[in-house]
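Undergrad:
Residue numbers (our numbering): 11 to 524.
Given below as structure tokens:
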């Protein structure tokens, strides 16, 4: 599902109204009806036993709110409307829907002084329809007071299109902003809903169609795609009921060194939990006992190491190439360390590699200053740098602006001929000549050592099961974030650790596939 800025959404609306001929009031009707239907489905068990307060602004977001109120009222919900007036100051479409709501006898009160409102609203749900996608700046006067009033209510808050006060492009706010439990955004998701602090202020987000034709969206040539569960489910390969371990991917992990065996083990464990049929960790001979003691389901394979350093030696190259030939995919980098011989091994290995490979951690650091090796590699590659590794690799910092960052990720993916996963909040993924995919799962509890090793194992397992590089990366990142969210729910963001994420991989997969 394509992501849009406020300006792009306005252009899509105008194209739909002026060129396609769908009137603005019809789009507003579709929006309000769609949100009301979602609320009735997702949040209301007994309509006649539910009280809802809808807070409407002067513009078209307020107009959407009046329509929502009307449909909830017609479904039997007890609805009250609080609105910013007076009536003659409303936009044309909002005013028309104000009149329709009033004719139905829905109780309505203009809010001129919020001090006259009760301290607590006697309701089950508050619906925020003050400001929408087009808002920029800081709320002032009565709207600021209303936003703060909404936030004081100890009840569920549902935002129409955007939490009022939130910038749709940046996810930031300059003043008061509604803290929503749920947000139903209209037509297409907006960037600000998935950028902190917007993603935290928006609660659970869902997109409600309003009748925008597909050809109008396609005409805009939007370049950023939000990863959705439906997309990930489509990417996951079907498993053969009569399959054997060879049918589900043979994966080799080139990983581990003295002091960094945990990275190798976490990558191996997450690969095992992601459905890989057979896994081997190719590690320095001296650390094999440590890795073997930690791993049960995953095999370990000793390779020559640098004397007394516990790091992979260049003389391991021939044996490693033979091992890779026997497998379907490769994970290269977790915990291999930064010894110069190990770096040289990585460079020589990549020059003749032909198996789908994910390169992470010090595997990436080994290639800094040697980008031609990446460009010349014939294997499908997935690179997964965090911003620091990205800067070392391409000698450029990641822009703060999400659209500039997504453009850079696409440019680098094109230049190197790889699938590039730029880890962060949010994680960005691009393939050569393609879109930039933006992830919506995950949390700050994942910002800890070892989280990237878990991701490497997941993506490697998916590559081994026959997924394309972009499919494995998109699905892996989304599921990785799901495990982080499940772990945070169980242990809190502060208390969770990467191995908790591995333990939640089965549940994340079950939620998707079930």
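Where a beta carbon is used, it is the ideal one built from N, C-alpha and C, also for glycine.
Assuming the contact rule is C-beta atoms closer than 8 Å, residue 282 and residue 345 should be a hit. Round their C-beta distance to whole Å, please.
TA: To locate residue 282, count along the chain shown from 1; it is residue 272. To locate residue 345, count along the chain shown from 1; it is residue 335. At roughly 17 Å, the Cβ-Cβ gap does not stay under 8 Å, so residue 282 and residue 345 are not in contact.
Undergrad: Residue ranges of each alpha helix (DSSP H) run of no fewer than 4 residues wholly in the region 94-160, ordered along the chain?
TA: Runs of the alpha helix (DSSP H) inside the region 94-160: 102-113.
Undergrad: Going by the DSSP bridge assignment, what does residue 521 pair with across the sheet?
TA: For the purposes of this step, residue 521 is identified with residue 511 of the chain shown, where counting begins at 1. The partner list for residue 521 (beta bridge, DSSP) is empty, contrary to what the question assumes.
Undergrad: Out of 252, 84, 106, 81, state which residue places its alpha-carbon closest to the alpha-carbon of residue 68.
TA: Looking up residue 68 in the chain shown gives position 58. Out of 252, 84, 106, 81, 106 has the C-alpha closest to the C-alpha of residue 68.
Undergrad: If we ignore side chains and look at the alpha-carbon of each, how far apart do residue 497 and residue 509 end up?
TA: As a position in the chain shown, residue 497 is number 487, starting the count at 1. As a position in the chain shown, residue 509 is number 499, starting the count at 1. Spanning the two alpha carbons is a distance of roughly 9 Å.
Undergrad: Tell me where the alpha helix (DSSP H) around residue 61 begins and ends.
TA: Numbered from 1 along the chain shown, position 51 holds the residue referred to as residue 61. Taken as a continuous stretch (DSSP letters only), residue 61 belongs to no alpha helix (DSSP H), being part of the beta strand (DSSP E) at 61-66.
Undergrad: Whole angstroms are fine: how far does the CA of residue 432 sit from the CA of residue 408?
TA: As a position in the chain shown, residue 408 is number 398, starting the count at 1. As a position in the chain shown, residue 432 is number 422, starting the count at 1. Roughly 9 Å separates the two Cα atoms.
Undergrad: Measure the CB-CB distance between residue 248 and residue 474 and report whether it falls below 7 Å.
TA: To locate residue 248, count along the chain shown from 1; it is residue 238. To locate residue 474, count along the chain shown from 1; it is residue 464. No, they are not a contact pair.
Undergrad: Going by C-alpha distance, which of 89, 181, 109 is nearest residue 98?
TA: As a first step, residue 98 must be located in the chain shown, where it is residue number 88. Residue 109 is the option with its Cα nearest to residue 98.
Undergrad: Applying the 10 Å Cβ sphere with the 16-neighbour rule, what's the burial state of residue 416?
TA: Position 406 of the chain shown holds residue 416. Residue 416 comes out buried.
Undergrad: Suppose only complete runs of 3+ residues qualify. What are the beta strand (DSSP E) ranges in the region 260-318, listed by chain order?
TA: Counting only runs of 3 or more, we get 260-264, 288-294, 309-313.
Undergrad: Rounded to whole angstroms, what is the Cα-Cα separation between residue 451 and residue 495?
TA: Stepping through the chain shown from its first residue, residue 451 is reached at position 441. Stepping through the chain shown from its first residue, residue 495 is reached at position 485. C-alpha separation (whole angstroms): 7 Å.
Undergrad: Note down, in chain order, each residue of its chain lying with its Cβ closer than 8 Å to the Cβ of residue 122, except the 5 sequence neighbours on either side.
TA: Sequence index remark: in the chain shown, residue 122 carries index 112 (1-based). Answer for residue 122: 95, 152, listed in chain order.
Undergrad: Would the region 130-144 and the region 55-67 be scored as touching if the rule is three or more Cβ pairs under 8 Å?
TA: Contact between the region 130-144 and the region 55-67 is present, because at least three Cβ pairs lie under 8 Å.
Undergrad: To the nearest angstrom, how far is it from the Cα of residue 317 to the Cα of residue 270?
TA: Position 307 of the chain shown, counting from 1, holds the residue named residue 317. Position 260 of the chain shown, counting from 1, holds the residue named residue 270. Each residue's alpha carbon lies about 17 Å from the other.
Undergrad: Give the range of the alpha helix (DSSP H) segment to which residue 488 is assigned.
TA: Indexing the chain shown from 1 puts residue 488 at position 478. Element bounds for residue 488: 479-501.
Undergrad: Please list the terminal residues of the continuous alpha helix (DSSP H) segment that includes residue 233.
TA: Here the question's residue 233 lines up with position 223 in the chain shown. Residue 233 -> no alpha helix (DSSP H), and no H or E assigned at all.
Undergrad: For residue 436, count the other beta carbons within 10 Å of its own beta carbon; 16 or more makes it buried, fewer makes it exposed. Which is it?
TA: In the chain shown, residue 436 corresponds to position 426, counting from 1. Under this definition residue 436 is a buried residue.
Undergrad: According to DSSP, simplified to helix, strand and coil, what is residue 392?
TA: Position 382 of the chain shown, counted from the first residue, corresponds to residue 392. Reduced to three states, the DSSP call for residue 392 is strand.
Undergrad: Consult DSSP for residue 362 and reduce its assignment to one of helix, strand or coil.
TA: In the chain shown, the residue the question calls residue 362 occupies position 352. Coil, per DSSP.
Undergrad: To the nearest angstrom, how far is the alpha carbon of residue 519 from that of residue 150?
TA: For the purposes of this step, residue 519 is taken as residue 509 along the chain shown, with counting starting at 1. For the purposes of this step, residue 150 is taken as residue 140 along the chain shown, with counting starting at 1. One C-alpha to the other measures close to 46 Å.
Undergrad: Grab the span of the alpha helix (DSSP H) containing residue 257 for me, first residue to last.
TA: Numbered from its first residue, the chain shown carries residue 257 at position 247. It is not in any alpha helix (DSSP H) - residue 257 carries neither H nor E in the DSSP assignment.
Undergrad: Can the beta-carbon of residue 178 be found less than 7 Å from the beta-carbon of residue 16?
TA: Within the chain shown, numbered from 1, the residue matching residue 178 stands at position 168. Within the chain shown, numbered from 1, the residue matching residue 16 stands at position 6. Yes, these two residues count as a Cβ contact at 7 Å.
Undergrad: Quick one: what does DSSP say residue 187 is sitting in, helix, strand or coil?
TA: Here residue 187 refers to the residue found at position 177 of the chain shown. Three-state DSSP puts residue 187 in coil, outside helix and strand.
Undergrad: Taking the Cβ atom as the reference point for each residue, do residue 352 and residue 322 lie within a distance shorter than 7 Å?
TA: Translated into positions along the chain shown, residue 352 becomes position 342. Translated into positions along the chain shown, residue 322 becomes position 312. For residue 352 and residue 322, yes; Cβs fall inside 7 Å.
Undergrad: Between 202, 257, 216, which has its C-alpha nearest residue 196's C-alpha?
TA: Counting from 1 along the chain shown, the entry for residue 196 is found at position 186. The shortest Cα separation from residue 196 among 202, 257, 216 belongs to 216.
Undergrad: Taking the beta carbon of residue 187 as the centre, do at least 16 other beta carbons fall within 10 Å, making it buried, or is it exposed?
TA: Start at 1 with the first residue of the chain shown, and residue 187 comes out as number 177. With 16 or more Cβ atoms within 10 Å of its Cβ, residue 187 is classed as buried.
Undergrad: Beta-carbon within less than 7 Å of residue 375's beta-carbon, same chain only, minus the 5 sequence neighbours each way: which residues are those?
TA: Working through the chain shown from its first residue, we reach residue 375 at position 365. Cβ neighbours of residue 375 beyond the five flanking positions: 348, 399, 402.
Undergrad: Using C-beta distances below 8 Å, list every residue in its chain close to residue 206, excluding the 5 sequence neighbours before and after it, in chain order.
TA: The residue given as residue 206 occupies position 196 in the chain shown. The answer, listed in chain order, is 181, 435.
Undergrad: Which stretch, first to last residue, makes up the beta strand (DSSP E) that contains residue 51?
TA: Taking the first residue of the chain shown as 1, we reach residue 51 at position 41. Here residue 51 belongs to no beta strand (DSSP E); instead the alpha helix (DSSP H) covers 34-52.
Undergrad: Could you tell me the alpha carbon to alpha carbon distance between residue 114 and residue 78, rounded to whole angstroms?
TA: Residue 114 sits at position 104 when you count from the first residue of the chain shown. Residue 78 sits at position 68 when you count from the first residue of the chain shown. Going from the Cα of residue 114 to the Cα of residue 78 covers about 13 Å.
Undergrad: Mind pulling the alpha helix (DSSP H) runs of 4 or more residues that sit fully within the region 194-232?
TA: Runs of the alpha helix (DSSP H) inside the region 194-232: 208-211, 224-229.
Undergrad: How would you call residue 45, buried or exposed, if buried means at least 16 neighbouring beta carbons within 10 angstroms?
TA: In the chain shown, counting from the first residue as 1, residue 45 sits at position 35. Flag for residue 45 reads buried.
Undergrad: Quick check: the Cα distance between residue 313 and residue 208, rounded to an integer number of angstroms?
TA: Here residue 313 is taken as the residue at index 303 of the chain shown, counted from 1. Here residue 208 is taken as the residue at index 198 of the chain shown, counted from 1. Taking the straight line joining both Cα atoms gives about 48 Å.
Undergrad: With a threshold of 16 other CB atoms inside 10 Å of the CB of residue 500, please say whether the residue is buried or exposed.
TA: By one-based count along the chain shown, residue 500 stands at place 490. Exposed, by the Cβ-count rule.
Undergrad: Select from 395, 381, 447, 384 the residue whose C-alpha is nearest the C-alpha of residue 413.
TA: In the chain shown, the residue the question calls residue 413 occupies position 403. With distances taken between Cα atoms, residue 413 lies closest to 447.
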